[in-house]
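Input: a single structure, listed below in structure tokens.
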Amino acid sequence: MNFRFSPEEESFREEVIDFLRPYQNLEGFIQQGEKWTEVKALFCEMAERGWLALAWPEAEGGLGKGIAFEYILWDEFGYARAARNPLAAGIVAKTLIRHGSPQQKERWLPPIRSGELHFSLAYSEPEAGSDLGAVRTRAIREGDEYIIRGEKCWQSYAQDMDCFWLLARTGDLDSRSRGLTLLIVDKESRGLRVEPLPTLDGDQLNAVVFDDVRVPASHRVGPENQAWTIMGEALADERHIQFPTGRLRRDLEDICAWAEARHFTRDSAVRVRLGALAADVREAEMHSLSVLDAMSHGHDAATAAAANKISHTLACQAIARAAMDFGGEYALVEGDRPELLWRLSLWETIGGGTTEVMRSIVARQGLGLGGTR
Ligand SMILES: Cc1cc2nc3c(=O)[nH]c(=O)nc-3n(C[C@H](O)[C@H](O)[C@H](O)COP(=O)(O)OP(=O)(O)OC[C@H]3O[C@@H](n4cnc5c(N)ncnc54)[C@H](O)[C@@H]3O)c2cc1C
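Numbering-wise, our numbering comes out as the position in the sequence shown, counting from 1, plus 47.
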């Protein structure tokens with residue numbers, strides 16, 4: 048594994064840092080719901096440079112760059128807290144490039160690339176979060192359409208998105224992972240309802256109800272009942288690009304500056320704690336780079352991405368927690384950086400797959416323990 052970026056990649060990093068200068072106060076990374084209009088405008092501006100399709104093949108309208116460029120881009124966006132990688136470009140488009148039909152690519156890739164079309168991921172349900180093999184939302188084929196009935200929950204950003212990337216059951220109810228299918232569903236479809244679920248950080252998740260929603264069969268991505276393998280790749284993409292180390296570097300810098308300004312760093316125990324956190328951030332970066340390395344070589348990155356998610360999200364919580372521990376009441380001022388980082392960090396170990404489930408992926412797939420399921 049080579050930890051060095053090439054001179055061309057490093058000069059791209061400088062270009063991204065320059066581009067981000069006007070966005071230092073946007074904070075779309077941590078408040079996308081509240082800032083959606085500005086964040087969407089930022090995506091459109093990036094799109095003019097081709098940055099939403101940096102690593103897509105040129106034949107699909109991308110710039111055909113290596114994924115190290117994409118890594119650098121979102122790392123700097125995380126550091127600037129400008130925005131998270133949009134799910135449409137980072138997950139949906141990549142899956143369409145791998146598994147979509149020529150007609151699907153022609154229809155959905157151009158508006159994703161231009162920053163105009165956005166997606167929410169509709170996987171989890173009230174009784175199927177960690178265990179996606181238990182998904183019950185049904186998609187029943189009727190002629191040229193699927194009829195969708197069921198309920199999803201915890202959909203990030205669904206209030207502002209245009210489409211759902213839906214995981215539905217097309218097989219028998221007990222078919223588990225062998226009976227799942229991916230479909231693209233327009234949010235304006237008749238019978239579809241989005242309901243807000245307020246969150247502790249002042250933003251919202253959503254519940255999405257599908258009440259006999261009709262979806263053209265041409266919106267099915269990949270073969271019927273065979274979404275499981277496709278999902279494995281999509282989840283690895285998510286557990287990589289949605290968790291950039293730049294965000295951790297920035298959180299730690301902010302907490303160090305805050306501790307210094309309040310003279311907490313005169314205490315050697317505080318300095319030791321901050322030093323240990325710097326090591327945690329570096330460790331998370333190594334995991335992130337090892338996912339990049341696996342993906343760059345076309346290797347299965349699922350285990351490395353699970354390890355990355357564990358290490359990134361635990362570091363993120365540890366940074367916020369440290370400020371609470373040595374800052375006491377000073378760290379509890381509502382809206383101040385430590386308090387905000389604490390509230391924002393709480394769900395990190397749940398969304399995108401819980402730490403326990405990530406550990407079990409590493410044990411099963413990385414260490415070969417306990418069978419394949
Ligand atoms: C901020 C946020 C954003 C989210 N965004 C989306 C989204 O956009 N789209 C979407 O579809 N979903 C989304 N989710 C849902 C998320 O994927 C699920 O919450 C997560 O997978 C856990 O599922 P659950 O909540 O049903 O908990 P459960 O699966 O019920 O888990 C409960 C507890 O049991 C543990 N557990 C479960 N199974 C095992 C096991 N096999 N071994 C050990 N421990 C286990 C878990 O680790 C957890 O501690 C989001 C969640 C959050 C918090």
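The C-beta atom is built at its ideal place from N, Cα and C for all residues, glycine as well. Computed from a predicted model, the values in this text were never measured in an experiment.
Check: Which residue spans inside the stretch 108-179 form an unbroken beta strand (DSSP E) run of at least 3?
Finding: For the stretch 108-179, whole beta strand (DSSP E) runs of length 3 or above, ordered along the chain, are 166-169.
Checklist line | Residue environment, residue 145, which counts as buried when at least 16 other CB atoms sit within 10 Å | finding: In summary, residue 145 is exposed, with fewer than 16 beta-carbon neighbours lying within 10 Å of its beta-carbon over all protein chains present.
Checklist line | Any 3 or more C-beta pairs closer than 8 Å across the stretch 394-403 and the stretch 76-90 | finding: Short answer: they don't touch.
Notebook entry, point to check: Is residue 224 near ligand 1, in the sense that its beta carbon is under 8 Å from a heavy atom of that ligand?
Noted result: For residue 224, the Cβ stays outside the 8 Å cut-off from all heavy atoms of ligand 1.
Next item on the list: Examine the Cβ distances between the stretch 268-281 and the stretch 211-230 and report whether three or more of them are shorter than 8 Å.
Entry: Judged by Cβ distances under 8 Å, the stretch 268-281 makes contact with the stretch 211-230, as three or more pairs qualify.
Check: Does the distance from the C-beta atom of residue 356 to that of residue 402 stay below 9 Å?
Finding: Result yes, Cβ atoms of residue 356 and residue 402 sit closer than 9 Å.
Check: Terminal residues of the continuous beta strand (DSSP E) containing residue 258?
Finding: First-last of the beta strand (DSSP E) with residue 258: 251-263.
Margin query: Am I right that residue 80 and residue 250 are in contact with their C-beta atoms under 8 Å? What's the rounded C-beta distance?
Written below: Yes, they are in contact, since the Cβ atoms of residue 80 and residue 250 sit about 4 Å apart, within 8 Å.
Next item on the list: Could you tell me whether any non-hydrogen atom of ligand 1 is closer than 8 Å to the CB of residue 397?
Entry: The closest heavy atom of ligand 1 lies less than 8 Å from the beta carbon of residue 397.
Next item on the list: Tell me the start and end of each unbroken alpha helix (DSSP H) in the stretch 302-348 that is at least 4 residues and wholly inside, in chain order.
Entry: Fully enclosed alpha helix (DSSP H) runs of 4 or longer: 315-343.
Checklist line | N- and C-terminal bounds of the alpha helix (DSSP H) containing residue 77 | finding: Taken as a continuous stretch (DSSP letters only), residue 77 belongs to no alpha helix (DSSP H), as it is neither H nor E.
Check: Does the count of Cβ pairs from the stretch 360-378 and the stretch 283-301 closer than 8 Å reach three?
Finding: Yes, they touch.
Notebook entry, point to check: Hey, how far is the Cα of residue 91 from the Cα of residue 258?
Noted result: Cα to Cα, residue 91 sits roughly 33 Å from residue 258.
Check: Should residue 290 go down as buried or exposed, given a rule of 16 or more other Cβ atoms within 10 Å for buried?
Finding: Residue 290 is buried by the Cβ-count criterion.
Margin query: At the level of alpha carbons, what is the spacing between residue 98 and residue 124?
Written below: Straight-line Cα distance between these residues: approximately 12 Å.
Next item on the list: Quick one: using the 10 Å Cβ neighbour count with 16 as the cut-off for buried, is residue 420 buried or exposed?
Entry: For residue 420, the predicted model reports a pLDDT of 49, less than 50, meaning its position is unreliable and no value from the coordinates is stated.
Next item on the list: With a 10 Å radius around its C-beta and 16 neighbouring C-beta atoms as the bar for buried, classify residue 57 as buried or exposed.
Entry: By the 10 Å Cβ count, residue 57 comes out exposed.
Next item on the list: Determine the closest residue to residue 358 out of 256, 271, 334 and 49, with distance taken between C-alpha atoms.
Entry: Checking every option, the nearest Cα to that of residue 358 belongs to 334.
Notebook entry, point to check: Any contact of the stretch 128-148 with the stretch 158-171, i.e. 3+ C-beta pairs under 8 Å?
Noted result: Yes: the two stretches touch, three or more of their Cβ pairs being nearer than 8 Å.
Item checked: C-beta atoms of residue 186 and residue 262 nearer than 9 Å -> The Cβ atoms of residue 186 and residue 262 lie closer than 9 Å to each other.
Checklist line | Heavy atom of ligand 1 within 8 Å of residue 199 beta-carbon | finding: Yes.
Next item on the list: Take residue 337 and list the residues in its own chain whose beta-carbon comes closer than 7 Å to its own, dropping the five residues that flank it on each side.
Entry: 48 and 351, listed in sequence order.
Note to self: Among the candidates 248, 405, 126 and 140, whose CA atom is the shortest distance from the CA of residue 161?
What the structure shows: With distances taken between Cα atoms, residue 161 lies closest to 140.
Note to self: Is residue 178 a contact residue of ligand 1, with contact defined as CB to any heavy atom under 8 Å?
What the structure shows: Yes, ligand 1 has a heavy atom inside 8 Å of this Cβ.
Note to self: Given 8 Å as the limit, tell me if residue 401 has its C-beta closer than that to any heavy atom belonging to ligand 1.
What the structure shows: Result yes, Cβ under 8 Å from ligand 1.
Margin query: Let's see if you can read the secondary structure: which residues bound the alpha helix (DSSP H) around residue 406?
Written below: Where residue 406 is concerned, the enclosing alpha helix (DSSP H) starts and stops at 402-408.
Check: Counting along the chain, where does the alpha helix (DSSP H) carrying residue 87 start and finish?
Finding: In the DSSP assignment, residue 87 falls within the alpha helix (DSSP H) that extends over 83-95.
Checklist line | Alpha-carbon to alpha-carbon, residue 241 and residue 208 | finding: Roughly 11 Å separates the two Cα atoms.
Note to self: So, at 6 Å on beta carbons, what are the nonlocal neighbours of residue 301 in its own chain, with the 5 sequence-adjacent residues on each side left out?
What the structure shows: Answer for residue 301: 384, listed in chain order.
Next item on the list: Give me the Cβ distance between residue 305 and residue 370, rounded to the nearest whole Å; I'm assuming they're in contact under 8 Å.
Entry: Contact between residue 305 and residue 370 holds, since their C-beta atoms are separated by about 7 Å, short of 8 Å.
Next item on the list: Could you tell me the distance, in whole angstroms, from the CA atom of residue 248 to the CA atom of residue 190?
Entry: Here the C-alpha atom of residue 248 lies approximately 44 Å from the C-alpha atom of residue 190.
Margin query: Quick check on residue 206: does DSSP put it in helix, strand or coil?
Written below: DSSP places residue 206 in coil when its eight states are reduced to three.
Note to self: Is the beta carbon of residue 119 closer than 9 Å to that of residue 59?
What the structure shows: Closer than 9 Å, so yes.
Note to self: Here's a check: name, in chain order, each residue in its chain whose Cβ is nearer than 8 Å to the Cβ of residue 174, leaving out the five neighbours to either side.
What the structure shows: Closer than 8 Å at Cβ, skipping near neighbours: 181 and 183.
Next item on the list: List the DSSP bridge partners of residue 378.
Entry: Listed as beta-bridge partners of residue 378 by DSSP are no residues whatsoever.
Note to self: Would residue 177 and residue 201 be called neighbours here (beta carbons separated by less than 9 Å)?
What the structure shows: Their beta carbons are not under 9 Å apart, which means residue 177 does not touch residue 201 by this criterion.
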